[in-house]
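Below: one structure, written as structure tokens.
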Amino acid sequence: QVAKALRDNGLPPERLTLEVTETALIGQFDAGVERLRRLRGLGVRVLIDDFGTGYASLKYLKMLPVDGLKIDRLFVKDLPESAPDEAIVTAVVSLARAANLKLVAEGIETEAQAECLFEAGVPFLQGFLFDKALPADAFREKVLAEQVLRGRGASALAGG
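Residues 53 to 212 (the numbering used here) are what the sequence shown spells out, left to right.
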């Protein structure tokens, strides 16, 4: 289904990143691993969402064919005031670097959180600080409008 959707929409597989929760994988681990392998075989990227909040252990992380981790908002919401959360983020950053995994933090709502995460080495941030969740059409319009402001995408916005 994913391969068909990519073909039908003309989307290069490497432009698609799917997020899978630890909990979703644990129930049928072997089947889940096989599905992830097939997705990655297509060129699709896979991240473990809500990392650190589910049932997965480092054993599972070692066995899962994934491209990266998303640090759950549970570990972000009290930054930079929470020393335990800072320690967890630092450890996850080290783990991701050592395992050559991409890293995203979610749930960023304040500049202080964003600064703390960047200083810790988290390269990608996601949250209401940047924008609220948008329906696909609204997101597309926003991206096209931003491209026009940067001098790109005018023909796409005009329908050409």
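Ideal placement from N, C-alpha and C gives every residue a C-beta, glycine not left out. Being a predicted model, the structure only gives us computed values, none of them experimental.
For arginine 97, the enclosing beta strand (DSSP E) starts and ends at 97–103.
Secondary structure remark: continuous alpha helix (DSSP H) runs of at least 4 residues inside the stretch 132–175, in chain order: 135–150, 163–172. Beta-bridge partners of isoleucine 123 (DSSP): Phe103, Ala157. For valine 85, the enclosing alpha helix (DSSP H) covers residues 81–94.
Inclusion of valine 54 and glycine 104 in the CB contact set at 8 Å is not warranted, their separation being larger than that value. DSSP lists Leu99 as the beta-bridge partner residues of glutamate 71. Residue state for leucine 77 is assigned as helix, using DSSP reduced to three classes.
If you draw a straight line from the Cα of alanine 139 to the Cα of aspartate 119, it is about 23 Å long. In the three-state reduction of the DSSP assignment, glutamine 53 falls in the coil class, being assigned neither a helical nor a strand state. DSSP places lysine 194 inside the alpha helix (DSSP H), whose first and last residues are 188–201.
Between the stretch 83–103 and the stretch 120–131, the count of Cβ pairs shorter than 8 Å is three or higher; the stretches touch. The criterion of a C-beta distance shorter than 8 Å is satisfied by glutamine 165 and leucine 131.
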